[in-house]
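Below is one structure, written out as structure tokens; the observations come after it.
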DNA sequence: AGATTGGCGATTGTCAACAATCCGCTTGAC
DNA sequence: GTCAAGCGGATTGTTGACAATCGCCAATCT
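Residue numbers (this note's numbering), protein chains in the order written: chain U, 1183 to 1433; chain Y, 1183 to 1433.
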């Protein structure tokens, strides 16, 4: 309803648009974790040159949605329980910080925006449609982050959110109690509006605790019964080895 | 002393190495904020093709060390007091989280590594050489992050640290009281070793508070006397507009 | 005089050919 | 039978040429 004015021509570079398409495919589950990706095939499918597609893949790699093994291949990461633990602990921290800042620096506009987002969640729950609830849930959290005006926090949260979505899509962890959704979010919103930064932070952080514990429990379970495979090492850590400490020396 | 074995040939792709060189140039202050960068000139200087250099620039852009204005130019960002506030608030949060996790999941190895890093800081202070102290200071914080084993936290902190270095280099904010350095870090290290996660987190977060307040005060000062320029907007926020919420719809 | 339009130079965006690298397999020796 | 060396195919890395776009400046019109 509000998109009528913003569909101009899309002058953005081709690789950004290609990255958008791939992001959507990954986040929608069209591409499955572990799947190998070849540049030539994807480039042909999207009808762009290999160089352009390459730039798009690099973007996604920086966002953590894809992995690169140099000289060898591209691959969608397989998100383990350990990854889930990392994602949710980080998310809890960022959302806690966002709630804290939001409560501290709230303005009239912020309160209005936040209230509206919360109302949409309530409406979604009333509709009993899980997809809409999930969307409104994410939107509410995103709103809390957005009203802080902390651009780097917003960017960080955006990247993390994408990975969380990627994880959710491939772990059928969508089960949620519709009746609890509202009562779980309401205190956070109230604390922010009331300006109680410490309480808002504590609540927002606690909001992620169940998922953190579930992931931790699943990890412990794996230790006991390593039936599937030895621990899967993501190549993420090898992408940029030792580069920051050396830079200091030149200063 | 330990680099003898790791200088093999460096088979990493050329664009990664080019990115390393540029990173070092930026972090060492060789390139100044606001400076324009043209692909052709830099490519010629580094003796790589434009496409390769382009990939390197894109990497740095993702790391926040450089900005791109599509179809127009590349530019080194000018870090305002607002940026400093963002950097140090985020850093405080990440370091707080790291200290918390480090205290929780500490092992024998962790304690040894941490103690060694702290000892190096003490030695550096004793030498009265500011550069060495600054290096050891950063290294200690990095160690706290590293021993958490939280790969995503480590990556995030690394990116943030680079931007902090970039800021420090261009804001002559290196003044520090050598006598306070040790007494400021010791409680944090002790709390981690003692396993007091809550205390460690609180101390680590408080450690960044002075810089946060300084930046906030400077921002307030700007508001009163906008002698220089109207607020500088980084183009960072415009790089990737509205892309995540839409992706949800497809799910 | 002021505003608008068109062209010009510089810079970035895109592409397709060429080179370098890796993985799996065969081949051969011991 | 086992292991190592080497070959072949597939895939990524790199490059230079070509196309698209932008900002600026001058010429033109009102």
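Ideal Cβ placement from N, Cα and C applies to all residues, glycine included.
Item, Value
"Starting from residue 1218 of chain Y, follow its DSSP beta bridges and name the residues at the other end.", "Y:1257"
"When the Cα atoms are used, what is the spatial distance from residue 1369 of chain U to residue 1387 of chain U?", "12 Å"
"So the beta strand (DSSP E) residue 1371 of chain Y belongs to, where does it begin and stop?", "Per DSSP, residue 1371 of chain Y belongs to no beta strand (DSSP E); it is in the alpha helix (DSSP H), 1360–1376."
"Beta-carbon within less than 8 Å of residue 1235 of chain U's beta-carbon, same chain only, minus the 5 sequence neighbours each way: which residues are those?", "1197, 1200, 1221, 1224, 1225, 1228"
"For residue 1251 of chain U, write down the residues that DSSP places opposite it in a beta bridge.", "U:1255"
"From the DSSP output, in three-state form, read off residue 1353 of chain Y for me.", "coil"
"Closest to residue 1398 of chain U by C-alpha separation, out of U:1265, U:1297, U:1212, would be which residue?", "U:1265"
"Determine, using beta carbons only, whether residue 1371 of chain Y and residue 1276 of chain Y come nearer to each other than 9 Å.", "no"
"In three-state DSSP terms, what is residue 1383 of chain U?", "helix"
"Please state whether the Cβ-Cβ distance between residue 1219 of chain U and residue 1256 of chain U is less than 9 Å.", "yes"
"Is there a C-beta anywhere in chain U that falls below 9 Å from the one on residue 1262 of chain Y?", "no"
"Given that a residue counts as buried once 16 or more other Cβ atoms are within 10 Å of its Cβ, and exposed if not, what is residue 1330 of chain U?", "buried"
"With DSSP as the reference, label residue 1245 of chain U as helix, strand or coil.", "coil"
"Alpha carbon to alpha carbon, how far is residue 1389 of chain Y from residue 1274 of chain U? Give it in angstroms, no decimals.", "21 Å"
"Below 6 Å CB to CB, which residues in the same chain sit around residue 1217 of chain Y once its five sequence neighbours on both sides are set aside?", "1258"
"For residue 1332 of chain U, return the contacting residues in chain Y, with the cut-off set at a CB-CB distance below 9 Å.", "1267, 1268, 1271, 1272"
"Quick check on residue 1262 of chain Y: buried or exposed, where buried means 16 or more other Cβ atoms within 10 Å of its Cβ?", "buried"
"Are the Cβ atoms of residue 1279 of chain U and residue 1272 of chain Y separated by less than 9 Å?", "yes"
"If the cut is a Cβ gap below 9 Å, which residues of chain Y does residue 1310 of chain U touch?", "Result: empty, since nearest Cβ-Cβ is about 18 Å, beyond 9 Å."
"Measure how close the beta-carbons of residue 1284 of chain U and residue 1374 of chain U come, nearest whole angstrom, since I'm counting them as under 8 Å.", "5 Å"
"Excluding the 5 residues preceding and the 5 following residue 1379 of chain U in the sequence, name in chain order all residues of the same chain whose CB lies nearer than 7 Å to its CB.", "1282, 1285, 1286"
"Residue 1237 of chain Y and residue 1240 of chain U: beta carbons closer than 9 Å?", "yes"
"Under three-state DSSP, which class holds residue 1433 of chain U?", "Because residue 1433 of chain U sits at a pLDDT of 26, beneath the cut-off of 50, its placement in the model cannot be relied upon, and the following sentence gives the value as read from the coordinates. Note: residue 1433 of chain U maps to coil in three-state DSSP."
"Have a look at U:1361, U:1323, U:1366 and flag the residue whose alpha-carbon is nearest the alpha-carbon of residue 1346 of chain U.", "U:1323"
"Who are the near neighbours of residue 1327 of chain U in its chain, counting only those whose CB is closer than 6 Å to its CB and skipping five residues on each side?", "1280, 1336, 1339"
"If I measure Cβ to Cβ from residue 1267 of chain Y and keep anything under 7 Å in the same chain, skipping five residues before and after, which residues do I get?", "1394, 1397, 1398, 1401"
"If you measure from the CB of residue 1286 of chain Y, is any heavy atom of the ligand ZN nearer than 8 Å?", "The ligand ZN is not part of this structure, which contains no ligands at all."
"Residue 1252 of chain U versus chain Y: which residues are under 9 Å apart at the beta carbon?", "1193, 1194, 1195, 1198"
"Cα-Cα, which of U:1344, U:1244, U:1404, U:1232 is closest to residue 1211 of chain U?", "U:1344"
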